[in-house]
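This note's numbering runs 3 ahead of the 1-based position in the sequence shown.
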Amino acid sequence: MSDKNEIVNNLAGALVAIFVGCLVVICIIVNLPNTKELDGALIANVLVGGVTLFAPIAAYYLLNDWKEQYNISLEKDDLKSFKIQLKKLRENIDYYEVHYRGVHSLLIPINENDNPHNINSFSELISDYDLVVKEIQKKRRELSFIAISYEQDLKYYMKITPDFVLETEFEKINCFVEEIDKFFEYIKDNDLKSFFLTYDEFSNSYDFLNEMLENQMIDLDQKLRV
Numbered sequence: 004m005s006d007k008n009e010i011v012n013n014l015a016g017a018l019v020a021i022f023v024g025c026l027v028v029i030c031i032i033v034n035l036p037n038t039k040e041l042d043g044a045l046i047a048n049v050l051v052g053g054v055t056l057f058a059p060i061a062a063y064y065l066l067n068d069w070k071e072q073y074n075i076s077l078e079k080d081d082l083k084s085f086k087i088q089l090k091k092l093r094e095n096i097d098y099y100e101v102h103y104r105g106v107h108s109l110l111i112p113i114n115e116n117d118n119p120h121n122i123n124s125f126s127e128l129i130s131d132y133d134l135v136v137k138e139i140q141k142k143r144r145e146l147s148f149i150a151i152s153y154e155q156d157l158k159y160y161m162k163i164t165p166d167f168v169l170e171t172e173f174e175k176i177n178c179f180v181e182e183i184d185k186f187f188e189y190i191k192d193n194d195l196k197s198f199f200l201t202y203d204e205f206s207n208s209y210d211f212l213n214e215m216l217e218n219q220m221i222d223l224d225q226k227l228r229v
């Protein structure tokens with residue numbers, strides 16, 4: 004029972020029922036044959052019995068509420084852990100989108116047969132070529148680790164998202180990773196033509212994955228606010 008009003012109403016109802024029960028008991032005792040007149044001791048004894056009966060009822064409702072709030076707290080902690088992995092994954096794929104879009108814009112003149120500088124390799128295109136490759140390698144390793152952590156924490160999100168389709172999730176992530184690996188090979192092999200020709204596939208893969216992760220983040224933020 005996460006609703007505090009419901010708990011209060013239940014406890015109040017139980018208290019009223021016990022109080023009415025006490026009055027009934029007092030009336031019965033008073034009307035029994037050979038019963039003494041109503042006195043304070045009799046009323047006190049009956050009320051003490053009522054309070055004794057009310058105590059475990061109150062404890063039951065309060066314990067159940069505490070357990071539910073504790074479980075909700077644990078669930079939110081799990082979702083926050085998943086949110087961290089989700090944020091890292093989005094930042095990682097955004098790195099590739101920004102990086103490859105920049106390289107792609109430099110390659111457009113080559114594709115249009117307007118290449119006054121006769122650029123025919125990435126090493127000519129990018130002055131700090133070695134640094135770029137090292138950065139790509141680093142980000143690719145990060146992508147593997149982040150994707151694993153993200154997929155491990157998906158179970159927390161799936162618990163509260165009945166319509167979640169795990170196969171679609173993995174398909175979009177794997178498709179994006181495949182496009183990244185292809186581009187990495189093109190850079191390593193100085194294959195400018197293949198890099199350019201497959202850019203649309205990469206862009207579409209990024210758009211699908213980014214939209215999915217963005218929707219997850221919105222949904223997750225809504226669930227954490229509850």
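Glycine included, every Cβ here is placed at the ideal spot set by N, Cα and C. Values in this document were obtained by computation on a predicted structure and should not be read as measured data.
Q.
What residue range does the alpha helix (DSSP H) around residue 221 cover?
A. The sequence position of residue 221 within the sequence shown is 218, counting from 1. Looking at the DSSP string, the run of the alpha helix (DSSP H) that includes residue 221 is 202-228.
Q: Determine the direct distance from the alpha carbon of residue 178 to that of residue 220, and round the result to whole angstroms.
A: Position 217 of the sequence shown, counted from the start, is the residue given in the question as residue 220. Position 175 of the sequence shown, counted from the start, is the residue given in the question as residue 178. If you draw a straight line from the Cα of residue 220 to the Cα of residue 178, it is about 20 Å long.
(Q) I'd like to check one pair, residue 180 with residue 146: are the Cβ atoms closer than 8 Å? (A) Sequence index remark: in the sequence shown, residue 146 carries index 143 (1-based). Sequence index remark: in the sequence shown, residue 180 carries index 177 (1-based). In contact: residue 146 and residue 180 (Cβ atoms closer than 8 Å).
Q: Return the residue from the list 183, 188 and 195 that minimises the CA-CA distance to residue 208.
A: Locating residue 208 in the sequence shown gives position 205, where the first residue counts as 1. When only C-alpha atoms are compared, the closest one is 183.
(Q) In whole angstroms, give me the CA-to-CA distance for residue 5 and residue 76. (A) Here residue 5 refers to the residue found at position 2 when the sequence shown is read from its first residue. Here residue 76 refers to the residue found at position 73 when the sequence shown is read from its first residue. In this prediction, residue 5 has a pLDDT of 47, which is less than 50 and means its spatial position is unreliable; nothing more can be read from the coordinates.
Q: Closer than 6 Å by C-beta to residue 167: which residues in its own chain qualify, once you throw out the five before and the five after it? Chain order, please.
A: Along the sequence shown, one-based indexing puts residue 167 at 164. Within the same chain, 161 come within 6 Å of residue 167 by CB-CB distance, once the 5 residues on both sides are set aside.
Q | residue 212 vs residue 185 beta-carbon contact at 8 Å | A | Reading the sequence shown from its first residue, position 209 is the one you call residue 212. Reading the sequence shown from its first residue, position 182 is the one you call residue 185. No, these two residues do not count as a Cβ contact at 8 Å.
Q. From residue 190 to residue 200, what does the alpha carbon distance come to, in whole angstroms?
A. Within the sequence shown, the letter at position 187 stands for residue 190. Within the sequence shown, the letter at position 197 stands for residue 200. About 13 Å.
Q.
For the ligand ZN, I want to know if residue 200 counts as a neighbour, meaning its beta carbon is within less than 7 Å of at least one of the ligand's heavy atoms.
A. Because no ligand of any kind appears in the structure shown, any question about the ligand ZN cannot be addressed here.
Q: Express the C-alpha separation of residue 134 and residue 149 in angstroms, rounding to a whole number.
A: Looking up residue 149 in the sequence shown gives position 146. Looking up residue 134 in the sequence shown gives position 131. When the Cα atoms are used, residue 149 and residue 134 turn out to be separated by approximately 22 Å.
**Q.** Residue closest to residue 203, alpha-carbon to alpha-carbon, out of 93, 94 and 100
**A.** Numbered from its first residue, the sequence shown carries residue 203 at position 200. Of the candidates 93, 94 and 100, the residue whose Cα lies closest to the Cα of residue 203 is 100.
Q.
Give me the residue from 214, 104 and 84 with the minimum Cα distance to residue 171.
A. Working through the sequence shown from its first residue, we reach residue 171 at position 168. Taking only the C-alpha atoms, the option nearest residue 171 is 214.
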